[in-house]
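Sequential numbering of the sequence shown, starting at 53, is according to our numbering. The next block holds one structure in the form of structure tokens; read it before the comments.
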Amino acid sequence: MLRFVKPGDIFCFKLDEDRYCFGRIITLMTVGHLSELFDIIKKP
Numbered sequence: 053m054l055r056f057v058k059p060g061d062i063f064c065f066k067l068d069e070d071r072y073c074f075g076r077i078i079t080l081m082t083v084g085h086l087s088e089l090f091d092i093i094k095k096p
């Protein structure tokens with residue numbers, strides 16, 4: 053639910069079958085959210 057996303061929130065998404073990436077929301081813009089992606093890729 054995007055209406056609950058705030059600047060500073062950390063998120064994780066699945067890159068492929070066994071790798072996950074992480075990022076952080078920087079700011080809310082009129083067309084969406086600006087995010088920073090960390091160069092951390094982890095396997096579970």
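No residue lacks a Cβ here, since even glycine has one placed at the ideal position from N, Cα and C.
Nearest to Ile62 by alpha carbon, out of Arg55, Phe74, Glu69?
Phe74
Identity of the residue in Leu67, His85, Phe56, Lys58 nearest Pro96 by Cα
Leu67
Just to confirm my understanding: we take Ser87, look at its own chain, exclude 5 residues before and 5 after, and list those with CB closer than 7 Å. What are they?
Gly75, Arg76, Ile77, Ile78
Out of curiosity, what's the CA-to-CA distance linking Arg71 and Lys94?
6 Å
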